[in-house]
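K.L.:
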Amino acid sequence: MTRMVGSLKPLPAPFYDRPTTEVARDLLGTVLVHDTPDGRAAGRIVETEAYLRDDPACHAARGMTSRNEAMFGPPGRSYIYLIYGMYHCFNVVTAPSGVGEAVLIRALEPLAGIPLMARRRGTDKPKALCSGPGKLVIAMGIARVPNGSDLRKGPLLILPPESFPWHAGGGTPLRNIKVTTRIGITRAAHLPLRFYLEGNPYISRK
DNA sequence: AAACGGATGGGCT
DNA sequence: GCCCATCCGTTTG
470 MTRMVGSLKP
480 LPAPFYDRPT
490 TEVARDLLGT
500 VLVHDTPDGR
510 AAGRIVETEA
520 YLRDDPACHA
530 ARGMTSRNEA
540 MFGPPGRSYI
550 YLIYGMYHCF
560 NVVTAPSGVG
570 EAVLIRALEP
580 LAGIPLMARR
590 RGTDKPKALC
600 SGPGKLVIAM
610 GIARVPNGSD
620 LRKGPLLILP
630 PESFPWHAGG
640 GTPLRNIKVT
650 TRIGITRAAH
660 LPLRFYLEGN
670 PYISRK
């Protein structure tokens, strides 16, 4: 009897329609997959940050603009924006439609398509491929994924940990979740809204 | 190991 | 004009 291992069944819509800090914690261990003409790349989410409606560091805190429009859309969609003129950051929209919250994906543990990631990033070092929000966007090839795309429909998908075929044997074991302040911000810098898998070697920094 | 500065362009006051 | 949810190479301790 064949094991039901290749189902690639994405996280269900209600997963995202919850308080953003809960989603940020629960995204740890899930798997981001992107299929392009160049092939498949996949990595396990090991570091996230929550951005909340009444949080001055959140792009949506001062109302909707053309840039942050996707943050106010349905949960479970992408919010991707240009940062520092040369990089992009990838977020998952959370909370009910219209609220304006999201989870920044800050680091992945590479699982599949590692040679493709290495080509995109211009380095062979595994720990340099996806250990930062700008890096993982390059490695996964998601800079050109449209804003607001549905993460349950692809080509960019988020899967539960157990449904990923390459998960067994490849990954670092899940450990405790560590909570710290967020990285690279000045406003609301004291809030404990960064989450990562303690001891995982692929996080952006301790 | 940590600190620093340059690259580079859109958004916002 | 200044501010960035960054990264990388170089310099300094």
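Here the numbering used here is used: position 165 in the first sequence is 634, and no number is missing along the way. Glycine included, C-beta positions come from ideal geometry on N, C-alpha and C.
Specify whether the stretch 528 to 546 and the stretch 612 to 624 touch according to this definition: at least 3 beta carbon pairs, one from each stretch, less than 8 angstroms apart.
P.N.:
yes
K.L.:
Determine the direct distance from the alpha carbon of ASP486 to that of ALA539, and round the result to whole angstroms.
P.N.:
15 angstroms
K.L.:
Whose CA, out of ARG651, HIS557, VAL561, PRO565, lies closest to the CA of LEU605?
P.N.:
HIS557
K.L.:
Do GLY512 and CYS599 have their C-beta atoms closer together than 8 angstroms?
P.N.:
yes
K.L.:
Identify the residues that DSSP records as bridge partners of ASN516: which are they?
P.N.:
In the sequence under discussion, the amino acid at residue 516 is Glu, which differs from the Asn named in the question. Its beta-bridge partners are ALA576, TYR665.
K.L.:
Under the three-state reduction of DSSP, which class applies to GLY638: helix, strand or coil?
P.N.:
The pLDDT assigned to GLY638 is 45, lower than 50, so where the model puts this residue is not dependable; a value taken from the coordinates is nonetheless given after this. Helix at GLY638.
K.L.:
Alpha carbon to alpha carbon, how far is PRO629 from LEU577? Give it in angstroms, no decimals.
P.N.:
14 angstroms
K.L.:
Hey, how far is the Cα of ARG531 from the Cα of GLY569?
P.N.:
10 angstroms
K.L.:
Taking 8 angstroms as the cut-off, decide whether the C-beta atoms of GLU667 and ILE654 are in contact.
P.N.:
no
K.L.:
I need the DSSP call for ASP486, collapsed to helix, strand or coil.
P.N.:
coil
K.L.:
Relative to the alpha-carbon of PRO565, which residue among ASN669, PRO483, MET555, PRO624 has its alpha-carbon at the smallest distance?
P.N.:
Of ASN669, PRO483, MET555, PRO624, the residue nearest in Cα terms is PRO483.
K.L.:
Give the DSSP bridge partners of GLU570, in chain order.
P.N.:
THR563
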